[in-house]
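Read the structure below first, then the notes.
Here is the structure:
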């Protein structure tokens with residue numbers, strides 16, 4: 022007789038199986054994968070799919086087969102604990118490379134997670150492939166920008182494309198599901214009464230967790246994935262200025278300081294040199310100081326340090342074939358290989374670079390010590406962008422593992438290499454790196470996520486607003502600290518920054534853990550913060566506000582040690598307010614500061630929802646409002662809608678922020 026099964030946590034059913042409605046199906050498929058500069062086109066051909074209708078139970082084992090008397094296709098060990106259930110894979114039949122899991126759902130259930138998602142916080146009603154990749158340009162097939170990017174390079178993206186996916190979701194029924202796999206996966210939330218999880222390999226485990234409230238559930242997930250130390254204190258004590266202008270960067274920094282800006286770091290991603298391409302100014306991927314571009318860099322770094330300003334740089338896990346480090350890595354066998362046994366050189370658009378193979382322990386150790394340690398930390402560099410973890414081609418030959426299964430895991434391996442460099446260096450505890458690529462486990466190594474390459478606009482799926490959704494979704498699955506490129510990055514097909522966009526992005530960034538600018542992919546064609554006196558004055562104001570927030574941010578960071586993100590969706594602290602659950606474009610910075618960024622052009626008034634259960638004070642006017650209501654507030658440039666919670670232990674500090682952002686005599 023076929024057994025039926027119902028697994029429940031806190032009285033809520035999380036998994037159901039019956040012969041007429043099996044929980045699992047298995048099969049075999051053949052995929053076609055094409056990559057162009059980090060953009061993937063993946064097609065699947067399902068060759069077989071069989072429902073596992075028969076379940077037998079033997080001790081702690083759940084054995085799923087097609088029918089009674091058949092050999093089980095999947096065998097799971099059942100482990101239970103306080104508010105936790107785990108299915109651990111004991112056996113999968115040979116040849117299985119597709120697994121489908123069907124889970125019960127409520128018609129009004131909200132579902133969040135999926136890693137860092139840019140378009141939607143509530144995933145319900147949509148299907149989400151989970152594969153780390155370039156997010157795409159525009160990410161909206163209906164937009165002219167996305168259509169142009171697709172025509173040129175298949176690089177337009179869609180609502181689900183992300184650099185930092187993760188096979189994890191949280192239900193508003195106060196449980197979470199995590200699938201332990203690095204395989205290509207799809208979370209399908211389109212049905213009214215069930216969810217479907219598809220993985221292209223049998224998962225090592227499936228975790229079900231429950232908690233009494235959303236905040237505790239988020240912390241439990243963070244316990245599962247691990248927590249890196251957050252950004253060092255200095256990174257939250259002023260703005261990090263991104264300039265890639267060679268030696269002239271230092272003169273420009275002085276003008277920004279003269280305007281009254283509070284600056285904690287100078288980030289020059291071009292420290293290793295540049296090359297010009299049709300895409301724009303690209304970096305020279307040979308991670309050594311370019312004496313030609315920065316003639317006195319060690320002295321400059323020391324001079325800045327005496328003024329409490331750190332110098333930051335850039336690296337990624339590839340080495341340009343025309344650089345000096347490439348022959349060294351090649352001679353030592355540290356590159357991934359192609360089918361012919363040669364070093365696999367990826368086309369990055371008008372130049373090629375080798376893939377350092379981090380499944381090779383010697384290669385990982387060499388990169389951490391030789392490049393991140395000797396070439397960067399020894400030079401005095403205090404931080405860097407650790408870019409391009411999402412590019413691993415699926416036809417590479419690695420020292421260990423198959424590339425199709427290694428692809429999603431690659432950002433975690435890359436994060437581990439960077440963390441290793443910090444762990445062993447004498448100055449490592451005061452340094453940091455930040456990444457855009459991620460997957461399960463990246464949280465254990467990476468102190469700071471950034472939102473990647475938004476367009477320089479207000480567009481719904483690839484503009485300013487997406488950085489809010491990105492921070493909130495990533496925070497729910499353990500990425501506690503998040504920030505974005507002020508002004509966006511991608512300037513293509515006629516898109517250029519406007520002063521309004523740059524100012525609105527500055528307003529948002531001031532209320533995130535780290536405030537950092539970026540010149541974008543085409544600096545000369547786009548407005549920079551130091552090119553317009555009004556923009557610069559406004560930037561200086563908000564950098565001072567950000568610096569004034571530092572004591573509060575330190576408290577938020579200390580609280581985040583429990584697993585809570587710094588930027589939080591409203592429902593995390595107001596779970597009993599149904600209206601708060603629907604808000605996706607506002608956030609709480611810590612428990613006591615509510616931020617509702619203006620993310621559309623041409624607006625000087627903005628609708629805000631103040632959650633029930635607290636009363637709120639407007640940052641700029643001092644006006645007090647009861648919670649549980651929507652209101653429209655004045656939101657001219659320079660006064661984004663921000664409210665502090667009345668009764669906060671930080672009331673004095675939060676009440677002083679408007680004064681900290683007052684115009685400076687110098688600006």
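In the working numbering, the protein residues as written are 22 to 688.
Yeah, the Cβ is synthetic: ideal placement off N, Cα and C, and Gly gets one too.
Would you say residue 540 and residue 333 are within 8 Å of each other, going by their C-beta atoms?
-> Residue mapping note: residue 540 aligns to position 519 of the chain shown, counting from 1. Residue mapping note: residue 333 aligns to position 312 of the chain shown, counting from 1. No; because the gap between Cβ atoms is not below 8 Å, this pair is not in contact.
Quick one: using the 10 Å Cβ neighbour count with 16 as the cut-off for buried, is residue 27 buried or exposed?
-> As a position in the chain shown, residue 27 is number 6, starting the count at 1. Exposed is the call here.
Measuring CB to CB, does residue 627 end up less than 8 Å from residue 662?
-> For the purposes of this step, residue 627 is taken as residue 606 along the chain shown, with counting starting at 1. For the purposes of this step, residue 662 is taken as residue 641 along the chain shown, with counting starting at 1. In this structure, residue 662 lies closer than 8 Å to residue 627 by Cβ.
For residue 36, which option in 227, 50 and 78 has the closest C-alpha, if you only look at C-alpha atoms?
-> Sequence index remark: in the chain shown, residue 36 carries index 15 (1-based). For residue 36, the nearest C-alpha among the options comes from 227.
Residue 394, buried or exposed, once every other Cβ within 10 Å from all chains shown has been counted against 16 | Here residue 394 is taken as the residue at index 373 of the chain shown, counted from 1. Buried.
What are the partner residues of residue 384, as DSSP defines its beta bridges?
-> As a position in the chain shown, residue 384 is number 363, starting the count at 1. Residue 384 pairs with nothing; no bridge assigned.
Hey, how far is the Cα of residue 688 from the Cα of residue 654?
-> As a first step, residue 688 is located in the chain shown; it is residue number 667 there, counting from the start. As a first step, residue 654 is located in the chain shown; it is residue number 633 there, counting from the start. Bear in mind that the predicted position of residue 688 carries a pLDDT of just 49, short of 50, making it too unreliable to give a figure here.
Quick check: the segment 207-216 against the segment 118-133, are there 3 or more CB pairs under 8 Å?
-> yes
Who are the Cβ neighbours of residue 244 in its own chain at under 7 Å, not counting the five residues just before and after it?
-> In the chain shown, the residue the question calls residue 244 occupies position 223. If we look at residue 244 and ignore the five residues flanking it on each side, its Cβ neighbours are 584.
Closest by CA to residue 52, which one among 281, 59 and 425?
-> In the chain shown, counting from the first residue as 1, residue 52 sits at position 31. Answer by Cα proximity: 425.
Three-state secondary structure (DSSP) of residue 432 | As a first step, residue 432 must be located in the chain shown, where it is residue number 411. Helix at residue 432.
Alpha-carbon to alpha-carbon, residue 187 and residue 551 = Residue mapping note: residue 551 aligns to position 530 of the chain shown, counting from 1. Residue mapping note: residue 187 aligns to position 166 of the chain shown, counting from 1. So the alpha carbons of these two residues sit roughly 38 Å apart.
Check residue 482 in the structure and name its three-state DSSP category.
-> Here residue 482 corresponds to residue number 461 of the chain shown, with the count starting at 1. Reduced to three states, the DSSP call for residue 482 is coil.
Candidates 537, 197 and 119: closest to residue 68 by CA position | If you number the chain shown from 1, residue 68 lands on position 47. Among 537, 197 and 119, the Cα nearest to that of residue 68 belongs to 119.
Contact the segment 184-204 vs the segment 142-157: 3+ CB pairs below 8 Å | yes
State the CB to CB distance for the pair residue 286 and residue 340, rounded to an integer number of angstroms; the pair is presumed to be in contact (CB under 8 Å).
-> In the chain shown, counting from the first residue as 1, residue 286 sits at position 265. In the chain shown, counting from the first residue as 1, residue 340 sits at position 319. Not quite, the Cβ-Cβ distance comes to about 26 Å (not below 8 Å), so this is no contact.
Hey, how far is the Cα of residue 448 from the Cα of residue 401?
-> Indexing the chain shown from 1 puts residue 448 at position 427. Indexing the chain shown from 1 puts residue 401 at position 380. Whole-angstrom Cα-Cα distance: 9 Å.
For the beta strand (DSSP E) that contains residue 347, what are its first and last residues?
-> Within the chain shown, the letter at position 326 stands for residue 347. From DSSP, residue 347 is part of no beta strand (DSSP E) but of the alpha helix (DSSP H) over 346-352.
Please name the residue in 531, 353, 296 and 261 whose C-alpha comes closest to that of residue 455.
-> Stepping through the chain shown from its first residue, residue 455 is reached at position 434. Here the closest residue by C-alpha is 261.
Just reading off the alpha helix (DSSP H) that residue 565 is part of, what are its end residues?
-> As a first step, residue 565 must be located in the chain shown, where it is residue number 544. Start and end: 554-569.
Euclidean distance between Cα positions of residue 432 and residue 346 = If you number the chain shown from 1, residue 432 lands on position 411. If you number the chain shown from 1, residue 346 lands on position 325. Rounded to the nearest angstrom, the two C-alpha atoms are 22 Å apart.
From which residue to which residue does the beta strand (DSSP E) around residue 52 run?
-> Along the chain shown, one-based indexing puts residue 52 at 31. 45-57 is the extent of the beta strand (DSSP E) around residue 52.
Is it a yes or a no for the segment 495-502 touching the segment 451-468, going by three-plus beta-carbon pairs under 8 Å?
-> yes
8 Å Cβ cutoff met for residue 102 and residue 81 | To locate residue 102, count along the chain shown from 1; it is residue 81. To locate residue 81, count along the chain shown from 1; it is residue 60. Cβ atoms of residue 102 and residue 81: not closer than 8 Å.
Range covered by the beta strand (DSSP E) that runs through residue 374 | For this step, residue 374 is matched to residue 353 along the chain shown. Counting along the chain, the beta strand (DSSP E) containing residue 374 begins and ends at 373-376.
Where residue 423 sits in the DSSP three-state scheme | Position 402 of the chain shown, counting from 1, holds the residue named residue 423. It is a strand residue.
Determine the direct distance from the alpha carbon of residue 326 to that of residue 444, and round the result to whole angstroms.
-> Locating residue 444 in the chain shown gives position 423, counting from the first residue. Locating residue 326 in the chain shown gives position 305, counting from the first residue. Going by the C-alpha atoms only, they are around 21 Å apart.
Helix, strand or coil for residue 619 per DSSP?
-> Counted from its first residue, the chain shown places residue 619 at position 598. In the structure shown, residue 619 sits in coil (DSSP, three-state: anything other than H, G, I, E or B).
Cutoff 6 Å; reference residue 224; Cβ partners in own chain excluding five residues on either side = One-based indexing of the chain shown puts residue 224 at position 203. Taken in chain order, the residues that qualify are 200, 201 and 202.
Residue range of the unbroken alpha helix (DSSP H) whose run includes residue 402 = Start at 1 with the first residue of the chain shown, and residue 402 comes out as number 381. Unbroken run through residue 402: none, as it is neither H nor E.
Would you call the segment 559-569 and the segment 530-544 in contact, with 3 or more CB pairs under 8 Å?
-> yes
Quick one: what's got a C-beta closer than 6 Å to residue 472's C-beta in the same chain, skipping five residues either side?
-> As a working note, residue 472 is residue 451 in the chain shown. For residue 472, where only same-chain residues beyond five positions count, the Cβ hits under 6 Å are 488, 491 and 505.
In the DSSP assignment, find the unbroken beta strand (DSSP E) run with residue 108 in it and report its ends.
-> Numbered from its first residue, the chain shown carries residue 108 at position 87. Looking at the DSSP string, the run of the beta strand (DSSP E) that includes residue 108 is 105-113.
Tell whether a beta-carbon distance below 8 Å holds between residue 331 and residue 403.
-> The residue you call residue 331 lines up with position 310 of the chain shown. The residue you call residue 403 lines up with position 382 of the chain shown. Closer than 8 Å, so yes.
Rounded to whole angstroms, what's the CA-CA distance from residue 157 to residue 167? Just pull it up for me.
-> On the chain shown, residue 157 is found 136 positions in, with the first residue counted as 1. On the chain shown, residue 167 is found 146 positions in, with the first residue counted as 1. If I take the Cα positions, the gap works out to 8 Å.
Could you pull the start and end residues of the beta strand (DSSP E) that residue 261 belongs to?
-> Mapped onto the chain shown, residue 261 falls at position 240. 260-263 is the span of the beta strand (DSSP E), which, as asked, contains residue 261.
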